[in-house]
Each structure stands twice: as C-alpha cells, then as structure tokens.
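Residue numbers (this note's numbering): 195 to 351.
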C-alpha cells in the first residue's frame with residue numbers, strides 16, 4: 195500500500211490510500227478487499243461504539259414496517275379478493291376497511307350473521323399475508339374519521 199497526499203477542491207489536507215492486491219485467481223481483488231474489510235470490521239467492532247448507527251437502523255426498519263402496515267390498514271376490504279359470502283358478511287357488518295376488520299376478535303367475527311369458520315380462515319390467511327391479525331389494538335392510529343374531524347375543526351377556526 196501507499197499513502198499519499200490528496201486534494202479535494204481547495205483543500206489539500208487529505209490522504210489517499212492506494213492498495214495493490216494480488217490474488218491467486220480464485221478471487222477477484224475487489225472481493226478479496228471486501229472480505230478483508232469485513233473481517234477487520236468484525237475484529238474491531240468490540241472496541242467501537244456503534245450504538246447510534248444501530249439505533250438509527252432499527253428506527254428506520256420500524257418506520258418502514260409501520261408504513262407497510264398502515265398502507266394495508268387503509269385498504270378497503272373490497273380489495274381483498276374474498277369469496278362473495280365473506281365479503282357480504284363484512285358488508286352486512288358494516289366493515290369497510292381493513293383497520294376496522296383487524297380490531298375485531300375471531301369470536302366477534304363468528305357472531306356475525308352467516309360468518310363461519312370457513313370465512314374466518316379465509317380472511318385470517320389473507321391478513322397473515324399482510325402481517326396483520328384479528329384482535330389488534332390500534333393505539334395512536336390515524337383513523338380517517340379523526341382526520342376529517344380535525345379538518346372540520348380547523349375550518350371553523
């Protein structure tokens with residue numbers, strides 16, 4: 195390796211690292227460098243505090259997951275490609291959106307007229323594909339009615 199001076203714009207106080215990598219041909223130099231860097235990182239990680247980066251990554255993942263769930267919750271039950279019987283049962287129970295559906299428990303759904311185990315299992319399977327389930331508590335969920343009420347209050351002020 196060679197360390198030399200480097201210039202970025204008007205600044206000249208940077209260093210440039212030039213690596214010469216030789217391999218036996220079984221691995222290309224870029225992959226050899228990547229593997230070496232990975233091993234080096236694993237070796238020095240115990241000495242470095244990466245908590246801030248890890249927390250930021252976890253928060254980003256949580257936000258992405260919440261956005262994904264929220265998108266599904268706002269979908270209409272008519273988009274679920276349900277059997278006619280299941281859809282009609284939801285319609286008769288006045289359940290229009292998925293967020294309304296997931297707040298119901300399985301036993302509450304089974305009390306719905308003409309709604310049986312087959313319909314329950316059908317809907318349960320679809321909800322599971324969206325990482326949703328019956329009996330969810332949606333605290334701090336921006337229900338559409340609440341947003342409309344806030345808009346109306348702002349209009350009157």
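Cβ coordinates follow ideal geometry from the N, Cα and C atoms, glycine included.
Does residue 293 come out as helix, strand or coil in the three-state DSSP assignment?
The answer is helix: DSSP assigns residue 293 an H, G or I state.
Give a yes or no on whether the minimum CB-CB distance between residue 210 and chain C is below 8 Å.
Looking at the structure shown, chain C is missing, and only one protein chain is on hand.
Could you tell me whether the stretch 291-298 touches the stretch 230-242, using the rule of 3 or more Cβ pairs below 8 Å?
Touching, no.
Compute the distance between the beta-carbons of residue 320 and residue 274, then report whether it is under 8 Å.
Against a cut-off of 8 Å, the Cβ pair of residue 274 and residue 320 comes out as a contact.
Taking Cβ positions, are residue 292 and residue 326 nearer each other than 8 Å?
Their beta carbons are under 8 Å apart, which means residue 292 touches residue 326 by this criterion.
From residue 256 to residue 219, what does the alpha carbon distance come to, in whole angstroms?
One C-alpha to the other measures close to 42 Å.
Who are the near neighbours of residue 269 in its chain, counting only those whose CB is closer than 8 Å to its CB and skipping five residues on each side?
These residues qualify, in order along the chain: 291, 292.
Measure the C-alpha to C-alpha separation of residue 335 and residue 328 and round it to an integer number of angstroms.
Distance between the alpha carbons of residue 335 and residue 328 is about 16 Å.
Using beta-carbon positions only, say whether residue 316 and residue 276 come within less than 8 Å of one another.
Yes, they are a contact pair.
Since residue 209 and residue 197 are thought to touch, with beta carbons under 8 Å apart, how far apart are those beta carbons, to the nearest angstrom?
About 6 Å separates the two Cβ atoms, so the contact holds.
If you measure between the beta carbons of residue 314 and residue 303, is that distance less than 8 Å?
Yes. Within cutoff.
Give the C-beta separation of residue 286 and residue 307 to the nearest angstrom, bearing in mind that I take them to be a contact with Cβ-Cβ under 8 Å.
Correct: roughly 6 Å between the Cβ atoms.
Could you check if residue 333 is buried or exposed, using at least 16 other CB atoms within 10 Å of its CB as the buried criterion?
Under this definition residue 333 is an exposed residue.
Kindly list the residues whose CB is nearer than 7 Å to the CB of residue 211, restricted to its own chain and excluding five residues on each side of it in sequence; keep chain order.
195, 197, listed in sequence order.
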